[in-house]
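Here is the structure we will look at.
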Amino acid sequence: DLIPSDWTGSKNSIRSKIREGPDGETHWMRLQGKVYGEGVRFAKLYPGVERFLWRCRVRGLNVHLISHKTEFGHLDSKKISLREAALRFLKNKGLYSGDSESLVLSVNFFSSRDEKVAEIVSSRFTWFIDDLIEVVKHLQFPSETNAIWFNPNLGSENNNIQTAVSWVEIENTIFSKWSRLELIHAAQEISKQH
2 DLIPSDWTGS KNSIRSKIRE GPDGETHWMR LQGKVYGEGV RFAKLYPGVE
52 RFLWRCRVRG LNVHLISHKT EFGHLDSKKI SLREAALRFL KNKGLYSGDS
102 ESLVLSVNFF SSRDEKVAEI VSSRFTWFID DLIEVVKHLQ FPSETNAIWF
152 NPNLGSENNN IQTAVSWVEI ENTIFSKWSR LELIHAAQEI SKQH
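Residue numbers (my numbering): 2 to 195.
Below is the structure:
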């Protein structure tokens, strides 16, 4: 009963809608705990994310997932570990295995946005992709790191930030054309399947 059943919108607009209501912040926090805990198993990958990660691996680029996620959802009476749920999701989708063949090399969780940004600074990433504008526009975000704000529901906002509405767009921004090595690897993987 937080929003009308026929209402549609992005995650950010749902957040705003719920927060506008009575006791909205509490309802939003409770909903986040459910969605990112027991509900994350129903999540789907965005189209193109797996191919992008595969291309990173073939090119020898290490992908690290940096997340600011509390251990448990606020107001979650079941005390489901949001971090364990996220790791299970990544493993079930074949993105993270913890070995050298993993598409995502490491996963690190931080309890606050400031801790996450501090890790981005100390890691000296070439590129960093985030769906929160507050991360890529953070005052401490390193100027030498190329930032991409992933915003699939892009409106008319102009934030002077490289923005992408899809993982295909991210892939094209970072890689452009396929390399000969990638084409050889793709052909080898296809021939293994047949």
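Glycine included, C-beta positions come from ideal geometry on N, C-alpha and C.
Could you spell out the range, first to last residue, of the alpha helix (DSSP H) harbouring F90?
Bounds of the alpha helix (DSSP H) holding F90 are 83 to 93.
Any contact of the segment 116 to 127 with the segment 135 to 155, i.e. 3+ C-beta pairs under 8 Å?
With the cut-off at 8 Å, the segment 116 to 127 and the segment 135 to 155 touch.
Shortest alpha-carbon distance to H75 belongs to which of G38, V166, L182?
Its Cα nearest to that of H75, the residue G38 stands out among G38, V166, L182.
Below 8 Å, how does it come out for the segment 43 to 54 and the segment 14 to 30: are there three or more Cβ pairs, yes or no?
Judged by Cβ distances under 8 Å, the segment 43 to 54 makes no contact with the segment 14 to 30, as fewer than three pairs qualify.
Nearest to F53 by alpha carbon, out of V105, I81, L3?
The shortest Cα separation from F53 among V105, I81, L3 belongs to V105.
Residues in its own chain within less than 7 Å of K92 by CB, not counting five upstream and five downstream?
Answer for K92: S98, listed in chain order.
Let me know if L1 comes out buried or exposed under the rule of 16 or more other beta-carbons within 10 Å of its beta-carbon.
Outside the modelled stretch of the chain, which goes from 2 to 195, sits residue 1, for which no answer is possible.
Using the C-alpha atoms, what's the distance from P153 back to I15?
Computed Cα separation, rounded: 14 Å.
Which first and last residues belong to the alpha helix (DSSP H) in which V108 is found?
V108 -> not in any alpha helix (DSSP H); beta strand (DSSP E) instead, spanning 107 to 111.
Across which residues does DSSP place L66 in a beta bridge pair?
In the DSSP assignment, L66 forms a beta bridge with V108.
CB-CB length for R84 against E72, believed under 8 Å
Indeed they touch by this definition, with Cβ atoms about 6 Å apart.
Within 8 Å, strictly: CB atoms of I149 and T127:
Not in contact: I149 and T127 (Cβ atoms no closer than 8 Å).
Extent of the continuous beta strand (DSSP E) to which A44 belongs:
Careful: A44 lies outside any beta strand (DSSP E) and carries neither H nor E.
Is it the case that the Cβ atoms of I130 and I162 are separated by a distance below 8 Å?
Cβ atoms of I130 and I162: not closer than 8 Å.
Quick one: Cα of F151 to Cα of N109, how far?
A direct Cα-to-Cα measurement between F151 and N109 gives close to 19 Å.
Just the Cα atoms here: how many angstroms apart are S124 and S78?
Taking the straight line joining both Cα atoms gives about 35 Å.
CA nearest to the CA of P5, picked from K12, S103, I19:
Residue I19 is the option with its Cα nearest to P5.
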